[in-house]
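There are 6 protein chains.
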Amino acid sequence: MFIHNKRLMYTVRVAEPNPGLATLMLEQFGGPQGELAAAMRYFTQALGEEDAGRKDMLLDIATEELSHLEVIGSIVAMLNRGVKGELAEGAMEEADLYMSLNAGGESHTTSILYGGAPALVNSAGVPWTAAYVDSIGDPACDLRSNIAAESRAKIVYERLINVTDDAGIKDALTFLMTREVAHQKSFEKALYAIEPNFPPGKIPGHPDFADKYYSLSQGEGEARGPWNEGEQWEFVDEREEQSAVDGGDGTAAVGLSAKETKAVDAFATRTASNPDSNPVTGADLGAGPGAGKTTKLES
Amino acid sequence: MFIHNKRLMYTVRVAEPNPGLATLMLEQFGGPQGELAAAMRYFTQALGEEDAGRKDMLLDIATEELSHLEVIGSIVAMLNRGVKGELAEGAMEEADLYMSLNAGGESHTTSILYGGAPALVNSAGVPWTAAYVDSIGDPACDLRSNIAAESRAKIVYERLINVTDDAGIKDALTFLMTREVAHQKSFEKALYAIEPNFPPGKIPGHPDFADKYYSLSQGEGEARGPWNEGEQWEFVDEREEQSAVDGGDGTAAVGLSAKETKAVDAFATRTASNPDSNPVTGADLGAGPGAGKTTKLES
Amino acid sequence: MFIHNKRLMYTVRVAEPNPGLATLMLEQFGGPQGELAAAMRYFTQALGEEDAGRKDMLLDIATEELSHLEVIGSIVAMLNRGVKGELAEGAMEEADLYMSLNAGGESHTTSILYGGAPALVNSAGVPWTAAYVDSIGDPACDLRSNIAAESRAKIVYERLINVTDDAGIKDALTFLMTREVAHQKSFEKALYAIEPNFPPGKIPGHPDFADKYYSLSQGEGEARGPWNEGEQWEFVDEREEQSAVDGGDGTAAVGLSAKETKAVDAFATRTASNPDSNPVTGADLGAGPGAGKTTKLES
Amino acid sequence: MFIHNKRLMYTVRVAEPNPGLATLMLEQFGGPQGELAAAMRYFTQALGEEDAGRKDMLLDIATEELSHLEVIGSIVAMLNRGVKGELAEGAMEEADLYMSLNAGGESHTTSILYGGAPALVNSAGVPWTAAYVDSIGDPACDLRSNIAAESRAKIVYERLINVTDDAGIKDALTFLMTREVAHQKSFEKALYAIEPNFPPGKIPGHPDFADKYYSLSQGEGEARGPWNEGEQWEFVDEREEQSAVDGGDGTAAVGLSAKETKAVDAFATRTASNPDSNPVTGADLGAGPGAGKTTKLES
Amino acid sequence: MFIHNKRLMYTVRVAEPNPGLATLMLEQFGGPQGELAAAMRYFTQALGEEDAGRKDMLLDIATEELSHLEVIGSIVAMLNRGVKGELAEGAMEEADLYMSLNAGGESHTTSILYGGAPALVNSAGVPWTAAYVDSIGDPACDLRSNIAAESRAKIVYERLINVTDDAGIKDALTFLMTREVAHQKSFEKALYAIEPNFPPGKIPGHPDFADKYYSLSQGEGEARGPWNEGEQWEFVDEREEQSAVDGGDGTAAVGLSAKETKAVDAFATRTASNPDSNPVTGADLGAGPGAGKTTKLES
Amino acid sequence: MFIHNKRLMYTVRVAEPNPGLATLMLEQFGGPQGELAAAMRYFTQALGEEDAGRKDMLLDIATEELSHLEVIGSIVAMLNRGVKGELAEGAMEEADLYMSLNAGGESHTTSILYGGAPALVNSAGVPWTAAYVDSIGDPACDLRSNIAAESRAKIVYERLINVTDDAGIKDALTFLMTREVAHQKSFEKALYAIEPNFPPGKIPGHPDFADKYYSLSQGEGEARGPWNEGEQWEFVDEREEQSAVDGGDGTAAVGLSAKETKAVDAFATRTASNPDSNPVTGADLGAGPGAGKTTKLES
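Chains as they are written, first to last, in the working numbering: chain A, 1 to 299; chain B, 1001 to 1299; chain C, 2001 to 2299; chain D, 3001 to 3299; chain E, 4001 to 4299; chain F, 5001 to 5299.
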């Protein structure tokens, strides 16, 4: 179970309110690469985990991410604390309040809809969705997903650091950014402590297709590199060898019963196009009497 | 630009219609780990890519994923071809059609709403969303995301293979699964061809926090492993050392102007709770005259 | 900050796996009335709260809801533990696995996509969204929202209790349900400890409209009750008195500049309908030569 | 303004409850082709409409669609009325209630989450979204969208009629279906009463590209028809003539300032791939010591 | 299957970066009327199509739309290329970077979250969803949907052309806009090549309701036109003739079993309102001691 | 059924167009606390309501909310009427139009995508979703949800009033705000006319847990108040008494069959982590040759 300590994991000191900056910070509160996504990713993985070591690690890090969520949310709350009071109390002329709502980013929405309170939306005001969590219940996959997620969160923090000169915020963001690096390291260790871990799962790849690299994009700009050359690869750039690679005819078919065939045929007949017609169309009608060739009526 | 060859990349042979199985297959058509997600992931990355080699690779693989989307979509179309005709033509008694709609999975929705045509939804009928695409415009992150995505797609294909005994479908799924393994290999090579690639980005982690492992989840079940022990790690399990790790007081504060302070104070006063009241509440009223202690009215 | 104790808040004992029942339980894991919604509702309110008492209460209860999320998630994990292993290992014949995936509810999706791991979706497979969280940063509103949310969560637990005879699950659900009642009581006390709290906000209602009840739905079935009769109400059922209640003409107008007027006029003229035409339409064309009156071509 | 008459537009007589069938009906209540989508489509168009005739028509039909929403919602309410009472009252053994929840479709969700009340979701339980409304504020487009929407709604009703033998439901669905046909006729008339209406908007197409048909999909199965042959068309099937059709080189470029160039170059250099490396990758590490060629470590 | 030619379908020349303009262009990349929606609309229709001619056409145009997606995405990439480098490299003072992020539109989100790479969101930052695709598996409907979609896309391009004076962008947008007109023409021809195509489907409308126009919105502003007058229409404006048009009583009813009746009655009784009460409410409590009539406590 | 009167419920007079303000107003048109949410909330509740009095009230208020939706939508239409014409007609220089699109809020999206017509999105451009409607088919819950919803809508109107000095808009918003207060009063009366109404539902809470208050958040800042002290409460702040409150061991377990056990064991073994390994990881590889301790390769 979770318990809570009123001390933040990292002290938050914000120089002055700035609702425009607050909306940028929401990216790591309610955005796809943010702390709720991280916390829920690891927490839900932990619940279904069979390995004691990974379960412990996932709970450790999930709990830390919740604590980070509290840090970043506190930054948002501090940055919005001025507009929150002023809007609720109607403490300024309407025109001045209107201006302050349009300070940048989505501060108009965070003010009008959320009253300056931290909301689980990203910097564009899009509500957080569990569609951001890509766990699938396989540890060798979920750990890779976690590694990637930590690397992404690191970069978004780096971008936020680059756009604020508030020293207190910069410090807190640097802490949060650094922890993502540490977490990535943990997940990497956990992945490689599964031996083997590649390819994930039980069913081996089909040997005919496992080493092929299909060069499907051709023209000026093609390039080679370790991802498509070297002894691990068979490079396929002949167009003929790229389609119907099973050796079949490249069509799709299904065995229908007599009754099904009859119904499908009826449907096909009823909705058949007449290739030899040249029908007057709605566009022809709509083009008006003065229309030229492109919409001419065939009588 | 894209061009199209009418031959599928892999021939599709489906033994007989099965709308319940069709809805499972939708997971790889319009689901989060499916082929549209893969294609859009790599295609959009390619557009913003500065490195010629990666751009070429991303376009090659994006194009292949589109071709896979066509294969899995063709499987869905074949599996639904019977119900499509029968429902459109009203070819069966109502009760029989009703039964056939409830064959399993979300076949009721794929029949009534989509008429048996492949739709970009997952196996639960949830529409595909670009929230599934986690690219952020940094190659060292995006490649890690791609590696993870390929591993997940591999496993979902493996699960689908495990639940069908239709030989033609099994073959096609095995091809698709194998290609995910090959793509993972390519993305791995491309990641490690960036030197160095860890941590991603430019700003280094803060040395005070980069090597710490905070053991936040404690009690029976704790475990150690390479993710939290060894020379790369400083293990922190003292509760006191886990909060306010910056050495501050663990609170959040902001510098407000006099005017802001006044507005915030007014708001706080107006909405203050009276801790010494013991008010009658709506729950007290609603518990009714016979209610016991838990809802008793304090007069 | 959050810390974690490996002991659950309530011990989970599940008699046997049942993936169909598991999907029903997801309603309180990743559904709109579930524990994540509750936890995030209170946690985000706490971050922006100015009142010390309410902030403490919100953190207490948010933390408890996270602990509940762990309990309900553990129930889901246990109920899915069989299918998780069997599907991952391909431990059964394909047809048997296929049947087990279609055990009820959305178990096909939770198996194929999530591999039996608890996912933040509701019982229909819809991902959790922060659109479920209706906090707006005003305590007199947010507390009412919390009261309502707790009452809803209570009922959904009651429904789940009604559909399972697994004693261990029933016990845990009863605990969770009871706590929602206790939380509602706390939020009620906190609401009424704000004096006054109705109407919320600062701006008073307009006296002309504050006591009126507009009986807009008329016909057999009309009824009176304390919500529209008694001394608090002025009952308005004359149709004439229900529209343009400001005494104006009930139209909408805006002052346009000359330049704007010109542009709007140009747009209106360009897209004007000709009321005196009786044009042949696409529907007329499409009805075919044998069509009767409803689609007859006007020559 | 809207007013309400307690008589339904069409009397609803349902023979007996059937929660599985109820979920299918939801498709026209809260689904993409359903009555809420229709009502909102026309109502919001009316608000911005400059033409008096169309505005009147849009309000007439929007109001009717709201009345249809009431009819289809009443059907859902009646079909769920049994399970609603039984679940709320716990009127059956748990196992029996559990079975009744899994009667078909998404009846498990409509029962557990919505208690049998009509909810604005489709037959898969996906909440209604305004993303279904495709109005863009141009009458020649919006009318075409309305025509298409009415045709789709007609077909979904037809499918529902095909799967129920409840005479009362069939009657009501036939009424609703017929009205969609009538509405399509009105929207067709209104479209063609704009003269001309094709192409929509003010800016003409570029003559070089307006009549060309690019045959981008080639191979066995190509076909000709009025959509790509006849005097309105110039058929382009030479691959060379299909790309860079402006006569340029088919690349993308932007003019960067010196400062921007420097930043982009720095980014490109920092994240460049080394095409001549053959790096050991995570996949190589993960494949384990026994791995063969595909994952062999290059030392 | 798809293959790729590195030459764009139309050469992209952007004069200089402009992240604000880039976010407007996203409307046609990841917005509801954009190229991904178009491509997926036609591609998924093609997969389930029974008519050879339409299938070929749908694949031709789907492939072209993918190629358009690449053109518009390349424009976005070029417009963002400056900010992408500068933010990633931290190449400017924080305050300057902050300003550049707030250049207009959602450029703050496209910079912070997506790093300037093209993302599948619309101009407000809302992720693309397959809810935008309205195909239902009936050709006479789907073609109408396609016609409408092309007309909408034409207009959105026209608006974008109206707000940029970058000649290279204007050229490319004009090409894309023109192609939508050409596609609409193709879909029109294909629709009218189905004979008959109106009304879609098999079940005829009910003759009692097919020709009626219900004038449900009344008052000043009513108008007549071909959509509600002429020989195709019976105009119904008597309020009495607009409800319960089947001649019934306009109520909703269901046949319940004795057991169901008992459960429903129990539920109704338990939750009945007492119309003769005048209860003290939470609002009464909350209005405080000084409250007047509207919230007076009834003792 | 619904009918429509062309007179608005409240006359709309807008001084001059302002697309930035228009987007703020969208919050009450297509936002979570807006009029569509209100109307749909009450309308769908009415359909499933068994109590005649509540059903009448819900239809009265639902109908009024639809009429409010028309008022607020008309305000939006008026505020956008200038830009709508100017953009459609291309009536200004491109640069001027571009500026007018970026007037504030999401006016860029409402102009480019919706052409200035009112759209069912909130002030951030997020489409309305039925996920905002929290009805669950239990009157004692749904009335509480309605009370809370009305209080929230009141406050959002108050905020909008605070940011505009257009007298006509202010008047209309004041009317709309006032009506929310009146509606809250009605719902309060209706709730307390159910006797008893707390706790909702039939199943009583478990006496062991109904009166406990778990003080889970501890540290400086703890506070007491009527929500956790007084005779209704048992205050639990001993950490030991907060976990495994059932007296069990706080673990989760399930009874697996032999076959299930075997599968789970196989899965666990196959994916086990080796806690004693210290594997070289991808991060180690990626840190490059010069990396220090944190990423050092263990040979």
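Glycine included, every Cβ here is placed at the ideal spot set by N, Cα and C.
So the candidates are the options; which of them puts its Cα closest to the Cα of residue i?
{"i": "D/ILE3194", "options": "C/ILE2072, C/ALA2272 and C/SER2145", "result": "C/ALA2272"}
{"i": "B/THR1063", "options": "A/LEU216, A/ASP284 and A/SER111", "result": "A/LEU216"}
{"i": "F/MET5057", "options": "F/LEU5101, F/ALA5103, F/GLN5184 and F/PHE5175", "result": "F/GLN5184"}
{"i": "C/PRO2127", "options": "A/GLN218, A/ALA37 and A/PHE2", "result": "A/ALA37"}
{"i": "E/ALA4302", "options": "E/GLN4218, E/PHE4198 and E/ALA4258", "result": "Nothing in the structure corresponds to residue 4302 of chain E, since chain E is present only between 4001 and 4299."}
{"i": "A/TRP227", "options": "B/LEU1059, B/PRO1200 and B/ILE1003", "result": "B/LEU1059"}
{"i": "D/ALA3015", "options": "E/GLY4205, E/LEU4256, E/LYS4202 and E/GLY4168", "result": "E/LEU4256"}
{"i": "F/PRO5200", "options": "B/GLY1250, B/ALA1283 and B/LEU1143", "result": "B/ALA1283"}
{"i": "D/GLU3188", "options": "C/PRO2279, C/VAL2083 and C/GLU2150", "result": "C/PRO2279"}
When you compare the CB positions of residue i and residue j, do they come within less than 7 angstroms of one another, or not?
{"i": "D/PHE3043", "j": "D/GLY3073", "result": "no"}
{"i": "A/VAL12", "j": "A/ILE61", "result": "no"}
{"i": "E/GLU4093", "j": "A/THR164", "result": "no"}
{"i": "D/ASN3005", "j": "F/MET5001", "result": "yes"}
{"i": "E/GLY3953", "j": "D/GLY3048", "result": "Because residue 3953 of chain E is not part of the residues shown, which for chain E are 4001 to 4299, the question remains open."}
{"i": "B/GLY1205", "j": "A/VAL156", "result": "no"}
{"i": "B/ARG1144", "j": "A/ALA266", "result": "no"}
{"i": "E/PRO4302", "j": "C/GLY2085", "result": "No answer is possible for residue 4302 of chain E: the residues shown for chain E start at 4001 and end at 4299."}
Report the CB separation of residue i from residue j in whole angstroms; it is logged as a contact under 8 angstroms.
{"i": "D/VAL3121", "j": "F/ALA5190", "result": "That pair is no contact at about 25 angstroms."}
{"i": "E/GLY4115", "j": "E/LEU4087", "result": "7 angstroms"}
{"i": "A/GLU27", "j": "A/SER123", "result": "4 angstroms"}
{"i": "B/PRO1275", "j": "F/ALA5223", "result": "7 angstroms"}
{"i": "E/GLU4050", "j": "A/ALA258", "result": "No, E/GLU4050 and A/ALA258 are not in contact; Cβ-Cβ is about 17 angstroms, not under 8 angstroms."}
On the DSSP bridge assignment, give the partners of residue i in chain order.
{"i": "A/ASN5", "result": "F/GLN5218"}
{"i": "E/ALA4252", "result": "D/VAL3012"}
{"i": "E/THR4129", "result": "B/THR1129"}
{"i": "B/VAL1236", "result": "B/TYR1214"}
{"i": "F/VAL5083", "result": "DSSP output for F/VAL5083 lists no bridge partner at all."}
{"i": "F/VAL5181", "result": "F/VAL5181 pairs with nothing; no bridge assigned."}
Under 6 angstroms: does the beta carbon of residue i sit that close to some heavy atom of the ligand ZN?
{"i": "A/MET99", "result": "In the structure on display, the ligand ZN does not appear, and there are no ligands present to speak of."}
- Hey, is the region 5025-5036 of chain F in contact with the region 4234-4250 of chain E, meaning 3+ C-beta pairs nearer than 8 angstroms? no
- Query: Below 8 angstroms, can you find three or more Cβ-Cβ pairs linking the region 5007-5024 of chain F to the region 2222-2240 of chain C?
  - Reply: No: the two stretches stay apart, fewer than three of their Cβ pairs being nearer than 8 angstroms.
- Task: Give a yes or no on contact between the region 3167-3179 of chain D and the region 1098-1105 of chain B, applying the rule of three or more CB pairs nearer than 8 angstroms.
- Result: no
- Message: Contact between the region 5135-5149 of chain F and the region 4132-4146 of chain E is defined here as three or more beta-carbon pairs at a separation below 8 angstroms; is this criterion met?
- Response: no
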